Amino acid sequence: MEATIEFIKKIVENLNGFGFPFLVFFIGVLEFSFGLYKRKWPKNERWVDIACFTLPRLVVQPAVAYYSLHFLPYIFPDAKNIFSWVPFLWGFAIIAVADDLTQYWYHRLHHQIPWLWRFHRTHHSASYMGMAMASRQNVIYTLFFSQIYLTAALVYLGLGIPAIAVKIIKSTITTLAHSSIPWDKPFYKYKVLHPIAWVLERLISTPATHHAHHAATTDDGVGYYKGNFGNMFFLWDIIFGTALISRQYPKAYGISHYEGDQWYAQLLWPIFKSKVEGSELAVDGPMVRVDIDKEEPVIKTTEINESGTTQEKYQLV
Amino acid sequence: MKIDETTKKQIIKNVLLSLFIYALPIALMFITFSITGQRPWEKKVQQKENVKSVTNKTNLSNGSND
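As they're listed, the protein sequences go chains A and B. For the first sequence, the numbering used here begins at 48 and goes up steadily by one. For the second sequence, the numbering used here begins at 36 and goes up steadily by one.
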């Protein structure tokens with residue numbers, strides 16, 4: 048048993064170096080080769096995706112490095128590797144729960160607390176799914192609302208190897224859940240695979256459940272951005288009653304009222320604001336704008352006052 | 036724009052349940068140790084002591100390989 052665990056540890060250490068970048072690159076090439084974006088990668092979106100993939104790495108990684116190498120040793124000088132005696136499998140369970148449940152909460156709160164929504168909006172504004180948008184996040188969200196600090200603290204306490212194992216499995220699951228390749232489809236199609244599908248879709252995030260979270264619509268039986276918040280484990284959504292399993296893929300992704308906010312506003316709101324009028328990221332934009340199909344139709348009239356100034360009036364139809 | 040009351044109550048309820056879930060693997064680990072009689076933290080202390088004795092400056096070699 049110990050030899051097997053040592054063998055797994057060695058695989059984990061090697062995969063941590065090259066495995067994830069290779070996986071993202073491989074899936075990305077597949078997606079583009081098969082035209083899975085269906086020509087839905089306009090110039091502005093391309094800039095948002097590329098900026099979000101590259102620039103946060105220059106800020107977030109040094110911040111995490113400083114936290115792990117200076118802040119933690121300064122605050123807890125005697126705690127380094129204090130729990131290195133924790134057996135690998137238990138360490139794996141502790142990190143998997145701590146990391147993924149924390150991320151579930153950050154994610155859920157950004158959808159359910161209106162004030163937080165705009166920090167997470169960038170991740171939802173893409174009208175497509177795939178490797179191109181998987182890293183699309185506002186840098187403030189990544190910097191301040193990341194479970195990485197909790198995981199780094201556990202690594203400092205001595206759970207380094209289990210943390211790497213969790214990182215590899217989690218990256219694979221979340222990457223494949225964002226992918227435009229519906230790898231889970233055969234599990235729904237063939238009856239013999241239905242029992243596996245039943246377990247899989249409740250345990251981990253699949254393209255069907257996570258794509259539903261990125262749908263442009265909600266409460267229509269397929270799209271469900273009000274739930275399906277799980278990243279690695281979908282189990283949290285099942286436990287907390289925020290799950291919708293339909294085994295279908297939405298027809299449209301993104302935000303129904305999205306009009307292509309500038310890449311810098313999406314990357315760095317609230318430092319930079321959007322120039323798109325009425326956008327949630329604009330200077331006077333609403334905190335949360337309702338979906339277009341749920342907007343109440345209004346008639347806009349312009350009246351000229353006695354003083355000569357114009358006044359716009361809105362009347363419900 | 037404010038968060039609605041039902042969502043607020045749901046969040047509080049779920050946060051309390053989450054605290055239990057966070058503690059669950061740690062609690063299960065110690066329950067397993069108490070059933071099997073394992074004490075891995077003692078093994079670590081022993082390993083540390085062994086390392087110390089090798090590099091002890093009171094050794095004849097004074098910690099040197101020469």
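For glycine and all other residues, C-beta sits at the position ideal for the given N, C-alpha and C. The model shown is predicted, which means the values in this text are computed figures rather than measured ones.
Helix, strand or coil: which one does DSSP assign to F280/A?
-> Working through the first sequence from its first residue, we reach residue 280/A at position 233. In the structure shown, F280/A sits in a strand (DSSP, three-state: E or B).
Three-state class that DSSP yields for A262/A in the structure shown = Numbered from its first residue, the first sequence carries residue 262/A at position 215. The answer is strand: DSSP assigns A262/A an E or B state.
Tell me, which residues are paired with T300/A by DSSP?
-> Counting from one through the first sequence, the residue named residue 300/A turns up at place 253. What sits at residue 300/A in the sequence shown is Tyr, not Thr. For Y300/A, which the question treats as bridged, DSSP gives the partners A262/A.
Does the beta carbon of V213/A come closer than 7 Å to any beta carbon on chain B?
-> Position 166 of the first sequence, counted from the first residue, corresponds to residue 213/A. So no, V213/A is outside the interface.
In terms of DSSP beta bridges, what is A329/A paired with?
-> Taking the first residue of the first sequence as position 1, residue 329/A is located at position 282. A329/A pairs with S321/A.
Chain-ordered neighbours of W316/A on chain B, where CB pairs are closer than 9 Å = Working through the first sequence from its first residue, we reach residue 316/A at position 269. Near W316/A there are no residues of chain B at all, since even the closest Cβ is about 17 Å away, more than 9 Å.
Proximal residues, the segment 65-78 of chain B versus chain A, C-beta separation under 7 Å | P75, W76, K78
State yes or no: is the C-beta of F276/A nearer than 6 Å to some heavy atom of the ligand GDP?
-> The model depicted lacks the ligand GDP and carries no ligand whatsoever.
Reducing DSSP to helix, strand and coil, say where T93/B ends up.
-> Start at 1 with the first residue of the second sequence, and residue 93/B comes out as number 58. Because the pLDDT at T93/B is just 46, under 50, the model does not fix this residue reliably, and the value given afterwards should be weighed accordingly. It is coil, neither helix nor strand.
Unbroken beta strand (DSSP E) runs of length 3 or more, entirely within the segment 82-124 of chain A: which are they?
-> none
CB contact check: I47/B to chain A, cutoff 7 Å = What you label residue 47/B is simply residue 12 of the second sequence in a count that begins at 1. Chain A, which has no Cβ nearer than 7 Å to the Cβ of I47/B, makes this no.
Could you have a look at I28/A and say whether DSSP puts it in helix, strand or coil?
-> No statement about residue 28/A is possible, as the shown extent of chain A runs from 48 to 364 and does not include it.
Nearest residue (CA-CA) to V111/A, options A200/A, S227/A, E324/A | By one-based count along the first sequence, residue 111/A stands at place 64. Nearest C-alpha to V111/A: A200/A.
Any residues in the segment 181-198 of chain A with a beta carbon nearer than 9 Å to a beta carbon of chain B? Which ones, in chain order?
-> none
Specify the secondary structure class of I142/A as computed by DSSP and reduced to three states.
-> Your numbering for residue 142/A matches position 95 in the first sequence. It is helical.
Could you work out which residue in L204/A, R155/A, T101/A is closest to P124/A when comparing CA atoms only?
-> The residue you call residue 124/A lines up with position 77 of the first sequence. Minimum Cα distance to P124/A is reached at L204/A.
Might you give, ordered along the chain, the residues of its own chain that have their beta carbon closer than 7 Å to the beta carbon of T256/A, omitting 5 neighbours on each side?
-> Taking the first sequence and counting its residues from 1, the one referred to as residue 256/A is at position 209. Answer for T256/A: E248, N275, F281, I292, listed in chain order.
Using a Cβ-Cβ distance under 7 Å, would T42/B count as near chain A?
-> Translated into positions along the second sequence, residue 42/B becomes position 7. Yes, its Cβ sits closer than 7 Å to a Cβ of chain A.
What do you reckon, are the CB atoms on I74/A and P60/B nearer than 7 Å?
-> Translated into the one-based positions of the first sequence, residue 74/A becomes position 27. Translated into the one-based positions of the second sequence, residue 60/B becomes position 25. Not in contact: I74/A and P60/B (Cβ atoms no closer than 7 Å).
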